[in-house]
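Engineer: Numbering (this note's numbering), first residue to last: 883 to 1476.
#1: Report the option in 1380, 1237, 1039, 1276 whose CA atom is closest to the CA atom of residue 1027.
#2: Report the residue from 1460, 1293, 1404, 1382 whose alpha carbon sits nearest the alpha carbon of residue 1418.
#3: Within its chain, find whatever has a CB closer than 6 Å to the CB of residue 1010; leave out the 5 residues flanking it on each side and keep chain order.
#4: For the stretch 923 to 987, list the alpha helix (DSSP H) runs that are entirely contained and at least 4 residues long, ordered along the chain.
#5: Tell me which same chain residues have a C-beta within less than 6 Å of the C-beta of residue 1325, skipping the five on either side of it?
#6: Please tell me whether residue 950 and residue 973 are closer than 8 Å, where the distance is taken between their beta carbons.
#7: How long is the line joining the alpha carbons of residue 957 and residue 1420, rounded to whole angstroms?
#8: Looking at the unbroken beta strand (DSSP E) that takes in residue 1396, where does it start and where does it end?
#9: Quick check on this structure: which residue in 1433, 1422, 1457 has the alpha carbon closest to the alpha carbon of residue 1443?
#10: I need the DSSP call for residue 1467, collapsed to helix, strand or coil.
#11: Let me know if residue 1475 comes out buried or exposed under the rule of 16 or more other beta-carbons within 10 Å of its beta-carbon.
#12: For residue 1356, which option in 1336, 1341, 1368, 1345 has the closest C-alpha, if you only look at C-alpha atoms?
#13: How many angstroms separate the CA atom of residue 1118 from the CA atom of residue 914?
#14: Could you tell me if residue 1353 is buried or exposed, where buried requires 16 or more neighbouring beta carbons within 10 angstroms of its beta carbon?
#15: Classify residue 1288: buried if its beta carbon has 16 or more other beta carbons within 10 angstroms, exposed otherwise.
#16: For a test of the three-state rule: what should DSSP assign to residue 1036, helix, strand or coil?
#17: Quick one, are the C-beta atoms of residue 1019 and residue 1052 less than 8 Å apart?
#18: Specify the secondary structure class of residue 999 as computed by DSSP and reduced to three states.
#19: Could you pull the start and end residues of the beta strand (DSSP E) that residue 1113 belongs to?
#20: Since residue 1041 and residue 1074 are thought to touch, with beta carbons under 8 Å apart, how far apart are those beta carbons, to the nearest angstrom?
#21: Nearest-angstrom Cα distance between residue 871 and residue 1286?
#22: Taking only three categories from DSSP, how would you classify residue 900?
#23: Could you work out which residue in 1384, 1007, 938 is closest to residue 1431 when comparing CA atoms only?
#24: Please look up how many angstroms separate the CB atoms of residue 1350 and residue 1389, rounded, as I've assumed it's under 8 Å.
#25: Helix, strand or coil: which one does DSSP assign to residue 1229?
#26: Compare the beta carbon distance of residue 1360 and residue 1396 with 8 Å and say whether it is the shorter of the two.
#27: Which partner residues of residue 1325 appear in the DSSP bridge assignment?
#28: Helix, strand or coil: how does DSSP classify residue 1330 here?
#29: In or out: residue 898 buried (at least 16 other Cβ within 10 Å) or exposed?
#30: Tell whether a beta-carbon distance below 8 Å holds between residue 1055 and residue 1013.
#31: What's the gap between the Cα of residue 1003 and the Cα of residue 1105?
#32: DSSP state of residue 886, grouped into three classes?
#33: Buried or exposed for residue 961, going by 16 or more other Cβ atoms inside 10 Å?
#34: Rounding to the nearest angstrom, what Cα-Cα distance links residue 1463 and residue 1409 in this structure?
#35: Quick check on residue 1307 - is its C-beta less than 8 Å from some C-beta in chain D?
#36: At the level of alpha carbons, what is the spacing between residue 1281 and residue 1291?
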């Protein structure tokens, strides 16, 4: 619970509160020996120290986290922490170490093809080449980082990449491109309430405006940045901001203010980049490298001892096995003639029959699924396209003579058909991914009320055409640990199903409750309901149970099958309750714990 609270405050940009909860969590996790969660907690504590500009402490916690992750060999988590260590060396201006750790992270990321981590690795490689002065290589890696972060929907990472690309353009003297990328970064970081990112980008924009002699804009943005960094105790950003503000006052001839902010800058600079901190960072690096070498030596020693022991054991066992083998061979020859050939034959035939039956069952299931898929493509997908073409031809052939009211009705029908086709294609693609086992799965903490609002907004147009009201009664405090895209898909299919089978003027209601480690989410309608027999087949794609909605909307039954499989992928279950002419309720469960 403390780690969850820490994560919530982290995402809200309240680093002080996040630090308190993570620090309390580490003490409990050490006692519980929960190594994996402890490693993640160390990583987050390191990130908070980094944002505060306390680099020696940040590196200490990143190395602690890395040591644990290497023990249980979680490649993705190892790459995440290696990227964080690279970022520390980037902030310290150590291009050699920044490049080394970024390349280690990148090598792992490319092997496991984790787009989230790979995008971060490209970002850090770009920063390392920026430090070296190879701006072309730096920009190439930032472009690659932005591309892959878009694919991974990594908004936080995109904020960093656009910001760092802006700094490359500024270094090249391309102010217009620098401003464009800084503004993209600022928009994303503001959307995420990333106060560190907002303060950093405002500081960078201020620098661009100063270079272009836009003093008033530069001064305004600089003060906004300093105000945020002071409130959040972001010492590195405070250091940079004080120096820029001192230079501004110096240029304006306001020497008193210039001296005041230069003193502030010097105090923070001395604490961040002190000799003591640099020595601690070097010491931590030496200790980490030494421990790694010792681990390799111990592992090689253990392997050699095991090999020697295996050889000795094998030699002793060979003589014992030789004698036992002679006895066994004699016994087998004797027993062979005693065994009934007929009995062996019957057993063999029975095994073959069982194998054939199993294979036939699987083949029948595969054929049924295949037939259903082709049936959807041949009929359910073809029919709406034909209807859509007919509507378009009708309007196109006699456009000037058709009354405006009729045109409006036909356009509404076209919109309805397009919505149905899109939903069907989306479900077909999702179902195909599930069957192949290639659907992405990235669980995280998500808020049910917010995600329900998003799904409802997608269906408001279709619901309004049937005068159906969609109500979100999910409490705002319930969070679950699940894949956000899958939960979106589950809710979209269930809401769409509710609208389809509800008469005009009806209601579709979303609700949820939390019990123990589970949340139970329900989507209920007061529509036509279904029979016991229909409920038994509702999640079976091979059963032909497609029905028309209250306004003759055609369905395939595929959406509910996808719901069931996605719920199960997230470790939950789904059930249906229904009464004819009174309505239907679908309820599924998701975990509230990491």
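Quick reminder that beta carbons are idealized off the backbone N, C-alpha and C, glycines included.
Structural biologist: Result, derived from the coordinates:
#1: 1039
#2: 1460
#3: 977, 980, 981, 984
#4: 937 to 954, 957 to 974
#5: 1363, 1364, 1365
#6: no
#7: 40 Å
#8: 1389 to 1397
#9: 1422
#10: strand
#11: exposed
#12: 1336
#13: 35 Å
#14: exposed
#15: exposed
#16: coil
#17: no
#18: helix
#19: No beta strand (DSSP E) holds residue 1113; the alpha helix (DSSP H) holding it covers 1097 to 1114.
#20: 7 Å
#21: This structure does not reach residue 871, given that the chain is present from 883 up to 1476, and the question cannot be answered.
#22: helix
#23: 1384
#24: 7 Å
#25: helix
#26: yes
#27: 1365
#28: helix
#29: exposed
#30: no
#31: 32 Å
#32: helix
#33: buried
#34: 6 Å
#35: Absent from the structure: chain D. Only one protein chain is present.
#36: 13 Å
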